[in-house]
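Read the structure below first, then the notes.
Chains as they are written, first to last, in our numbering: chain A, 1 to 111; chain B, 1001 to 1255.
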């Protein structure tokens, strides 16, 4: 196996262990009611916090681009389209694709 | 009358003999696969871009596809190919990639709070292998709508579809690299918004009102951090800060 393949394999194994070890640990470790309460509240918060942080980080490159005002306006409009379509039809994929199409169209039009 | 009763008994016997519990698991697995299409919409273009970028950087098709198969962690894969092609060895590359992916430490325990207690039936390695940002976010956003006993089958379907689309997108990128050197502005811009759009839709799905304070604190914290730190550090610290805020406000009952 080449050196590159070994490095990739090590990165893969390490990433897998990052995901696996906490699961093993959680299934084995007994919880006290106090520990469970605090830990449960923390883990309940991970979901919305992770999605929010992912959203902010994924939008950041556009917001700090060479035309931030245009990018911000287009981003807000695309997010508004996602909100509107989700309120109207529900689902995830449909609103996401609609928002992406609006974003692409407006960027093409305005830049 | 006797014919109707006999027919009813025969139908009941037939149903009992041919009802297979695994049919329900298979059905929910397929539903998980269908749900993964929303992730695939984002994954395929990004994995395609990864395949293109890796080849253009000088990596072989084998190494490119191997990276998606065994690492399977979006942003860190792009950093990985940058490090490999710059001549960085394992001593630099491996810790950098693991540091970028450190936030995954928290996904498994959070996911377990939504799955059946006492272990369930999925082996931990299967639960863990496909636990990416997008799979985690989609699972947390939608799993409460799934009956408890079917959540594992659904989650396996979600994971499988997402993983298949990531690896498939990479293979497409490697195979078609020569045909996609200069995509139209409209296409490139639309593809770049798929993931942010997906995260926003998932945030709406998970309930903004219910977690309004946590979302607000996480947004502000992540914005401050991303000005000062690399994005993967800002992501991990912003997420942890928001979860810690939720822990403290939940304890005081002031959420």
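The beta-carbon is built from N, C-alpha and C at its ideal position, and this holds for glycine as well. Just so it is clear, the structure is predicted and the values come from calculations on it, not from any experiment.
Short CB-CB distance (under 8 Å) between residue i and chain A
| i | result |
| --- | --- |
| residue 1183 of chain B | no |
| residue 1136 of chain B | yes |
| residue 1104 of chain B | yes |
| residue 1193 of chain B | yes |
| residue 1228 of chain B | no |
| residue 1124 of chain B | yes |
| residue 1197 of chain B | yes |
| residue 1112 of chain B | yes |
| residue 1231 of chain B | yes |
Listed by chain order, chain B residues near residue i by CB distance under 9 Å
| i | result |
| --- | --- |
| residue 71 of chain A | Residues of chain B passing the Cβ test: none, with the nearest at roughly 10 Å. |
| residue 84 of chain A | By Cβ distance, chain B contributes nothing, its closest Cβ being about 11 Å from residue 84 of chain A, past 9 Å. |
Contact set for residue i: own chain, Cβ-Cβ below 6 Å, skip 5 residues either direction
| i | result |
| --- | --- |
| residue 1150 of chain B | 1028 |
| residue 1246 of chain B | 1214 |
| residue 1042 of chain B | 1194, 1195, 1198 |
| residue 1056 of chain B | none |
| residue 1036 of chain B | 1158, 1161, 1162 |
Proximal residues to residue i (C-beta, below 7 Å), its chain only, five neighbours per side dropped
| i | result |
| --- | --- |
| residue 1122 of chain B | 1152, 1156 |
| residue 94 of chain A | 85 |
| residue 1170 of chain B | 1047, 1050, 1051, 1064, 1065, 1068 |
Chain-ordered neighbours of residue i on chain B, where CB pairs are closer than 8 Å
| i | result |
| --- | --- |
| residue 88 of chain A | Within 8 Å Cβ-Cβ: nothing; residue 88 of chain A doesn't reach chain B, min ~12 Å. |
Any chain B beta carbon closer than 8 Å to residue i
| i | result |
| --- | --- |
| residue 66 of chain A | no |
| residue 8 of chain A | yes |
| residue 110 of chain A | no |
| residue 80 of chain A | no |
| residue 119 of chain A | In this structure chain A extends from 1 to 111, so residue 119 of chain A is not present and cannot be described. |
| residue 100 of chain A | yes |
| residue 43 of chain A | yes |
| residue 32 of chain A | Caution applies to residue 32 of chain A, whose pLDDT of 49 falls short of 50 and renders its modelled position unreliable; the value that the coordinates give is listed next. By this cut-off, residue 32 of chain A is not an interface position. |
Coil, strand or helix - residue i by DSSP
| i | result |
| --- | --- |
| residue 1196 of chain B | helix |
| residue 19 of chain A | helix |
| residue 1034 of chain B | helix |
| residue 1123 of chain B | coil |
| residue 1210 of chain B | coil |
| residue 1131 of chain B | coil |
| residue 1057 of chain B | coil |
| residue 1102 of chain B | helix |
| residue 10 of chain A | helix |
| residue 64 of chain A | coil |
Interface partners of residue i on chain A, CB under 8 Å
| i | result |
| --- | --- |
| residue 1044 of chain B | The premise fails here: residue 1044 of chain B is roughly 12 Å from chain A at the closest Cβ pair, so nothing lies under 8 Å. |
| residue 1171 of chain B | Near residue 1171 of chain B there are no residues of chain A at all, since even the closest Cβ is about 16 Å away, more than 8 Å. |
| residue 1097 of chain B | 11, 14, 15 |
| residue 1061 of chain B | Under the 8 Å cutoff, chain A gives no residues; its nearest Cβ is about 12 Å from residue 1061 of chain B. |
| residue 1186 of chain B | 104, 105, 107, 108 |
Contacting residues, own chain, Cβ-Cβ under 8 Å from residue i (five flanking each side not counted)
| i | result |
| --- | --- |
| residue 18 of chain A | none |
Distance cut-off 7 Å: residue i Cβ against heavy atoms of the ligand SAM
| i | result |
| --- | --- |
| residue 27 of chain A | No copy of the ligand SAM occurs in the structure displayed, which carries no ligand at all. |
Beta-carbon neighbours of residue i, restricted to chain A and to distances below 7 Å
| i | result |
| --- | --- |
| residue 1205 of chain B | 92 |
| residue 1078 of chain B | Under the 7 Å cutoff, chain A gives no residues; its nearest Cβ is about 13 Å from residue 1078 of chain B. |
| residue 1107 of chain B | 19 |
| residue 1189 of chain B | 103, 104, 107, 108 |
| residue 1073 of chain B | 15 |
Is there contact between the region 47 to 62 of chain A and the region 1236 to 1249 of chain B, where contact requires at least three CB pairs shorter than 8 Å?
yes
Inspect the CB distances between the region 1207 to 1221 of chain B and the region 1063 to 1080 of chain B and report whether three or more fall short of 8 Å.
no
Under 8 Å, with one C-beta from each stretch per pair, do the region 1127 to 1147 of chain B and the region 59 to 77 of chain A reach the 3-pair mark?
no
Check whether the region 1095 to 1105 of chain B and the region 1200 to 1209 of chain B are in contact - that is, three or more C-beta pairs closer than 8 Å.
no
When the Cβ atoms of the region 51 to 70 of chain A are set against those of the region 1109 to 1118 of chain B, are three or more pairs found closer than 8 Å?
no
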